[in-house]
Each structure stands twice: as structure tokens, then as C-alpha cells.
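Participant: I'd like to ask you about the structure that follows.
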């Protein structure tokens with residue numbers, strides 16, 4: 001791990017994420033030391049990494065994919081589909097805003113910093129992956145459910161200040177790592193839907209206009225507050241959003257094929273004209289599981305021309321299973337009708 005510096009603060013944890021969490025008995029000592037060393041730094045924002053392999057402009061199907069599987073895949077095994085890495089992470093922590101404090105997470109008003117395991121995924125490693133496979137695209141994800149045991153909130157001070165900070169900080173990260181896109185996964189909000197829509201929509205618009213990113217995705221799920229914010233974003237900026245990584249696994253465990261297809265149609269209506277990705281948990285604890293008919297549902301969607309990719313969560317569980325469901329997803333996506 002890199003040494004503590006004025007602009008990076010990392011403590012390793014399981015998976016690809018690191019967190020500013022300290023052993024309870026050393027917490028106050030650590031906090032005092034950090035405040036003394038970094039008086040100007042009181043917060044940071046996490047980002048995670050995704051890797052994609054594009055089928056090409058004529059066939060935009062994609063599959064969210066664990067990086068560990070992708071690294072071990074042969075060229076022939078990944079040809080014809082788009083792969084995306086959600087990174088290995090524990091729990092639901094993804095890309096939240098974090099305050100160097102001993103109490104709770106705090107928003108940073110758009111000032112993002114790298115928060116993945118840079119020892120294992122550096123700019124040179126991203127470059128190496130992309131140089132070996134010309135169709136690979138890499139994205140970072142913003143938001144997430146929780147951090148340090150508390151919810152991660154989207155809470156901008158103002159649209160203009162958040163946007164200015166986000167464009168600046170994300171441009172630096174994206175260019176340093178030679179990334180291609182962003183994924184929006186905020187799940188808790190302390191602002192109204194219109195403010196969220198303006199912040200995120202203008203961010204995507206500006207980054208695309210500046211040539212910083214080539215695609216953007218969002219990751220909502222069926223919750224009233226979440227949907228109100230993302231549907232407001234879609235209403236004003238849906239034409240700029242390339243994929244909707246809908247969290248269908250947030251529906252009740254035991255979802256049937258017919259229920260799943262009805263849910264899918266509902267979200268197609270909510271995000272009209274969007275490329276909606278069906279999703280499942282590789283551990284099978286929510287929504288429609290692979291064992292109970294997920295691929296049957298996907299085959300029907302494919303026959304109707306509505307399968308633009310598959311969203312798989314998560315790499316920890318997938319690795320333990322030998323990535324069998326990712327391979328099955330890949331085979332289905334590669335079939336031409």
C-alpha cells in the first residue's frame with residue numbers, strides 16, 4: 001500500500017476497496033494524528049472501477065463482469081460480448097463520500113478521489129488490459145449504499161459548486177487512468193430529484209462534450225425515493241445515458257419468471273427508450289436467481305430484441321462459484337438470432 005500522503009488516505013480492507021476505518025482502540029489516536037498531518041483534508045469521495053468489452057457499434061450488448069474472471073478469460077471466450085467489472089467489494093459499500101472523522105460519512109460536494117485498490121489496479125495495469133484487448137472499456141462508479149456502517153448520501157451544496165468540483169476531480173482521475181465512462185449508483189439522497197437530475201445530467205453532458213467519457217450508465221432499483229430521483233434524471237437527460245443497470249435482484253427472493261418479466265416491462269416503461277439490463281445475484285439471495293429461471297427469462301427477452309446485456313452481482317460470490325453464471329450469460333449474449 002502507498003504511504004500516507006497529503007492527497008491520499010488509504011487503509012486496506014477485503015476486496016478491492018479500502019476504507020478510512022481504524023481499530024476501535026486506536027481510533028482517537030489515529031484521528032488526532034490525521035488531523036495534525038492533514039489539517040486541510042476533512043473528506044474524500046470513493047470511486048470504484050468497472051471493465052467493459054464492447055461487442056461493437058452494431059451490437060451493443062454487454063455483461064457486467066467480475067474482473068478476476070475477465071483477467072483469466074481467453075480472447076476467444078470474451079469475443080462478441082461486453083464485459084464489465086463491478087470490482088470485488090464486501091457488503092454494499094461501493095463509491096461513497098467519506099469524512100475523515102470518527103462518527104459518520106459526510107458528503108464532499110463533488111470532490112472525488114480514487115478509492116479502489118491502486119496496488120492491484122494502477123493506470124499501467126488498466127493500460128495493459130486495454131492494449132491486449134482493443135474492445136475493452138473501463139469505467140468508474142459513483143455513489144453506493146453505505147460506508148462505515150452508515151448510508152452514503154448525495155448532498156450537494158449547490159448545483160454549480162458540485163458540478164464544478166465533480167467535473168474537475170473526475171476528469172483528473174479518468175484521464176490519469178485512461179477510463180472511458182461513469183456509472184451512477186447513488187442510493188440515498190438529501191436533496192430533491194430535480195437537483196440530483198441537474199447535477200448528474202450536467203456532469204454526464206459536460207464529460208461527454210469534453211471528450212472525457214464515451215458512455216454513462218445508471219443503477220437504480222425499485223424504491224420510491226430512488227426511482228423519483230433517477231426518473232427525474234431520465235426525463236431530462238435520458239438521451240445521454242447509455243445503459244440502465246437496474247438492480248432487479250432488489251426484488252423479493254423467490255421472484256418467478258413471469259414476475260421478473262413484468263418487472264422488466266415496468267422498468268422499460270419507466271426508462272422509456274433505454275437499454276435496460278436484467279440482473280441477478282450470483283449468490284441467489286434476491287430477485288430471480290439463475291437456478292429458478294433467470295436465463296429462461298433472458299432468453300425470452302433476447303427473442304424479443306430486448307436483451308442488451310446482463311448485470312451480475314458480485315465478484316466475491318462469483319469467484320467462489322467458478323464464474324459459471326457469467327460464462328452462461330456470455331454464451332447467451334453471444335448467440336445471434
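Residue numbers (the UniProt record's numbering): 1 to 337. For every residue, glycine included, the Cβ atom is placed at its ideal position computed from N, Cα and C.
So for residue 37, helix, strand or coil by DSSP?
Facilitator: The sequence position of residue 37 within the chain shown is 37, counting from 1. Residue confidence for residue 37 is low, a pLDDT of 47 falling below 50, so the modelled location carries little weight and cannot support an answer.
Participant: Between the alpha carbons of residue 277 and residue 314, how many angstroms are there, rounded?
Facilitator: Here residue 277 refers to the residue found at position 277 when the chain shown is read from its first residue. Here residue 314 refers to the residue found at position 314 when the chain shown is read from its first residue. Their Cα atoms are separated by approximately 15 Å.
Participant: Using the rule of at least 16 other Cβ atoms within 10 Å of the residue's Cβ for burial, across every protein chain shown, is residue 291 buried or exposed?
Facilitator: Taking the chain shown and counting its residues from 1, one reaches residue 291 at position 291. Exposed.
Participant: Going by other Cβ atoms of all chains shown within 10 Å of its Cβ, with 16 needed for buried, is residue 316 buried or exposed?
Facilitator: By one-based count along the chain shown, residue 316 stands at place 316. Looking at its Cβ environment, which holds 16 or more other Cβ atoms inside 10 Å, residue 316 is buried.
Participant: Which residue's Cα is closest to the Cα of residue 330: 305, 320, 321, 295?
Facilitator: Position 330 of the chain shown, counted from the start, is the residue given in the question as residue 330. Here the closest residue by C-alpha is 295.
Participant: Would you say the region 205-218 touches the region 142-153, given that touching needs at least three Cβ pairs under 8 Å?
Facilitator: With the cut-off at 8 Å, the region 205-218 and the region 142-153 do not touch.
Participant: Quick check: the Cα distance between residue 177 and residue 129, rounded to an integer number of angstroms?
Facilitator: Numbered from its first residue, the chain shown carries residue 177 at position 177. Numbered from its first residue, the chain shown carries residue 129 at position 129. Residue 177 and residue 129: Cα-Cα distance of roughly 12 Å.
Participant: From residue 259 to residue 222, what does the alpha carbon distance come to, in whole angstroms?
Facilitator: Position 259 of the chain shown, counted from the start, is the residue given in the question as residue 259. Position 222 of the chain shown, counted from the start, is the residue given in the question as residue 222. Looking at the two C-alpha atoms, the distance is approximately 14 Å.
Participant: Excluding the 5 residues preceding and the 5 following residue 229 in the sequence, name in chain order all residues of the same chain whose CB lies nearer than 6 Å to its CB.
Facilitator: What you label residue 229 is simply residue 229 of the chain shown in a count that begins at 1. Excluding residues within five positions, the ones whose Cβ falls inside 6 Å are 189, 193, 196.
Participant: Measuring only the C-alpha atoms, how far is residue 151 from residue 186?
Facilitator: Along the chain shown, read from residue 1 onward, the residue named residue 151 stands at position 151. Along the chain shown, read from residue 1 onward, the residue named residue 186 stands at position 186. Straight-line Cα distance between these residues: approximately 10 Å.
Participant: Report the three-state DSSP secondary structure of residue 139 (helix, strand or coil).
Facilitator: By 1-based counting over the chain shown, the position of residue 139 is 139. Strand at residue 139.
Participant: When you compare only the Cα positions, how much space is there between residue 173 and residue 113?
Facilitator: Residue mapping note: residue 173 aligns to position 173 of the chain shown, counting from 1. Residue mapping note: residue 113 aligns to position 113 of the chain shown, counting from 1. For residue 173 and residue 113, the distance between alpha carbons rounds to 7 Å.
Participant: Going by C-alpha to C-alpha distance, which of 220, 309, 318, 225 sits closest to residue 378?
Facilitator: Summary: the structure shown does not reach residue 378, with the chain confined to residues 1 through 337, and so no result is reported for it.
Participant: What does DSSP give as the partner residue(s) for residue 216 in the beta ladder?
Facilitator: As a first step, residue 216 must be located in the chain shown, where it is residue number 216. DSSP output for residue 216 lists 182 as bridge partner(s).
Participant: How far does the alpha helix (DSSP H) with residue 129 in it reach, from first residue to last?
Facilitator: Start at 1 with the first residue of the chain shown, and residue 129 comes out as number 129. Taken as a continuous stretch (DSSP letters only), the alpha helix (DSSP H) holding residue 129 covers 123-132.
Participant: Measuring only the C-alpha atoms, how far is residue 38 from residue 273?
Facilitator: Taking the first residue of the chain shown as position 1, residue 38 is located at position 38. Taking the first residue of the chain shown as position 1, residue 273 is located at position 273. Model confidence at residue 38 stands at a pLDDT of 45, short of 50, so the residue's coordinates are unreliable and nothing is read from them.
Participant: Within the continuous beta strand (DSSP E) that includes residue 281, where are the two ends?
Facilitator: Here residue 281 corresponds to residue number 281 of the chain shown, with the count starting at 1. 279-281 is the span of the beta strand (DSSP E), which, as asked, contains residue 281.
Participant: Assuming the contact rule is C-beta atoms closer than 8 Å, residue 183 and residue 141 should be a hit. Round their C-beta distance to whole Å, please.
Facilitator: As a position in the chain shown, residue 183 is number 183, starting the count at 1. As a position in the chain shown, residue 141 is number 141, starting the count at 1. That belief holds up - the Cβ atoms of residue 183 and residue 141 are roughly 4 Å apart, short of 8 Å.
Participant: What number of angstroms, rounded off, separates the C-alpha of residue 107 from the C-alpha of residue 162?
Facilitator: On the chain shown, position 107 is the one that residue 107 refers to. On the chain shown, position 162 is the one that residue 162 refers to. Residue 107 and residue 162: Cα-Cα distance of roughly 10 Å.
Participant: What number of angstroms, rounded off, separates the C-alpha of residue 307 from the C-alpha of residue 109?
Facilitator: Walking along the chain shown from the start, residue 307 turns up at place 307. Walking along the chain shown from the start, residue 109 turns up at place 109. Taking the straight line from one Cα to the other gives about 36 Å.
Participant: What's the gap between the Cα of residue 240 and the Cα of residue 139?
Facilitator: Numbered from its first residue, the chain shown carries residue 240 at position 240. Numbered from its first residue, the chain shown carries residue 139 at position 139. About 16 Å.
Participant: Can you round the beta-carbon distance between residue 285 and residue 253 to whole angstroms, since I take them to be within the 8 Å contact cut?
Facilitator: Translated into positions along the chain shown, residue 285 becomes position 285. Translated into positions along the chain shown, residue 253 becomes position 253. Right, the Cβ-Cβ distance comes to about 6 Å (below 8 Å), so this counts as a contact.
Participant: Rounded to the nearest angstrom, what separates residue 249 and residue 288 at their Cα positions?
Facilitator: Working through the chain shown from its first residue, we reach residue 249 at position 249. Working through the chain shown from its first residue, we reach residue 288 at position 288. Their backbone Cα atoms lie some 7 Å apart in a straight line.
Participant: Return the chain-ordered ranges of every alpha helix (DSSP H) run that is complete within the region 235-285 and spans a minimum of 4 residues.
Facilitator: As far as the region 235-285 is concerned, its whole alpha helix (DSSP H) runs of at least 4 residues are 257-270.
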